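Numbering (this note's numbering), first residue to last: 791 to 953.
Written out as structure tokens, the structure reads:
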């Protein structure tokens, strides 16, 4: 306990936010999404979402990505299995989810990640896209799909790389 009523864990103040509250906030914001024109909307793909919800998820993911990049974390990835540790450090420790499967998709750092649990796919995608961009030093692209009821995230370069 830092001071009367303030709690921290390892020097960070924590707050619990129930997923239901977050989803209600999302539903409340959906009607106002038309006014959002900033960000990198072309770098996010969401399977089976309507346009308004897709716009909100894109804004949430890009905000999470920008926040992560601004914090200046160093992310080192040697092979696809390293992503389990990256997700543990930047998602699981903050209650945002965890991954259990990884598979490389190309020789330029493309990766497919299978989630065991996820607080919100957009937030987790934004954080992991920020990790991917810090690890590879270039802009990336995130694509979320659902396979057998589980969330799958694919991260890759946003531009074609000449061979």
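Note that CB positions come from ideal geometry on N, CA and C, so glycine has one too. Since this is a predicted model, take the numbers as computed values, not measurements.
At which residues does the alpha helix (DSSP H) containing residue i begin and terminate?
| i | result |
| --- | --- |
| residue 818 | 809 to 819 |
| residue 913 | 911 to 926 |
| residue 876 | 872 to 880 |
| residue 859 | 841 to 860 |
Measuring alpha carbon to alpha carbon, tell me which of the options ends up nearest residue i.
| i | options | result |
| --- | --- | --- |
| residue 822 | 846, 810 and 836 | 846 |
| residue 942 | 832, 837 and 830 | 837 |
| residue 839 | 912, 951, 818 and 887 | 912 |
| residue 842 | 863, 885 and 817 | 817 |
| residue 854 | 947, 910, 936 and 819 | 910 |
| residue 902 | 924, 937 and 880 | 937 |
How many Å lie between residue i and residue j at the Cα?
| i | j | result |
| --- | --- | --- |
| residue 791 | residue 883 | Here residue 791 scores only 46 on pLDDT, less than 50, and its place in the model is too uncertain to base an answer on. |
| residue 927 | residue 865 | 10 Å |
| residue 889 | residue 906 | 5 Å |
| residue 807 | residue 899 | 33 Å |
| residue 876 | residue 921 | 8 Å |
| residue 835 | residue 801 | 36 Å |
| residue 892 | residue 814 | 31 Å |
| residue 849 | residue 897 | 29 Å |
Can you tell me which residues form a DSSP beta bridge with residue i?
| i | result |
| --- | --- |
| residue 835 | 933 |
| residue 903 | 892 and 943 |
| residue 908 | 887 |
Between which two residues does the beta strand (DSSP E) carrying residue i extend?
| i | result |
| --- | --- |
| residue 944 | 940 to 947 |
Would you be able to state if there are at least three C-beta pairs under 8 Å between the segment 850 to 862 and the segment 914 to 923? yes
Give a yes or no on contact between the segment 926 to 933 and the segment 868 to 875, applying the rule of three or more CB pairs nearer than 8 Å. No, because fewer than three Cβ pairs between the segment 926 to 933 and the segment 868 to 875 fall closer than 8 Å, the two stretches do not touch.
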